[in-house]
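Taking it in order: structure first as structure tokens, then the write-up.
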Amino acid sequence: MSAEVQTAAAAKPAAAKKTSIVDTFLKGCAKGFKVGIENITHAMILGYVLVYILQETGLMDLLGTLMSPVMGLFGLPGEAFAVLISAFFAKASGCATAASMY
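Structure, rendered in structure tokens:
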């Protein structure tokens, strides 16, 4: 009888350690932070630099004047065209551009 109990115990796989919800949450936070640092930061810096260059060279005012009628159809100022241009290259860059304009 003891041999049967030993073989039954050996046949059962060892119970895997169950991870807590806090550990799972923290692993997800670490992965999200890594994505934000490695992927999104570069695009946001690109957006800020693009707006800065456009403002310093005076092209932002020119674009705003030229695109004002078109963007006015959507209820946006003409300078919002820079957001569309930068969002074409990277979505996070468009968000950064919009944030830096206001």
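Per the working numbering, the sequence shown starts with residue 1466, numbered consecutively. Here a beta-carbon is modelled for each residue, glycine too, at the ideal position from N, C-alpha and C. None of the values given here were measured: they were computed from a predicted structure.
Buried or exposed (CB count within 10 angstroms, at least 16 for buried), residue i
i: E1544; result: buried
i: G1512; result: buried
Cβ-Cβ distance between residue i and residue j below 8 Å
i: L1519; j: L1528; result: yes
i: A1552; j: M1525; result: no
Residue span of the alpha helix (DSSP H) that contains residue i, given as start and end
i: K1483; result: Premise fails: K1483 is in no alpha helix (DSSP H) and is neither H nor E.
Residue closest to residue i, alpha-carbon to alpha-carbon, out of the options
i: V1535; options: T1522, K1492, L1549; result: L1549
i: T1530; options: P1542, L1538, E1521, T1522; result: P1542
Item to check | Length-filtered (4 minimum) alpha helix (DSSP H) runs lying within the stretch 1509-1549 | outcome: 1524-1537
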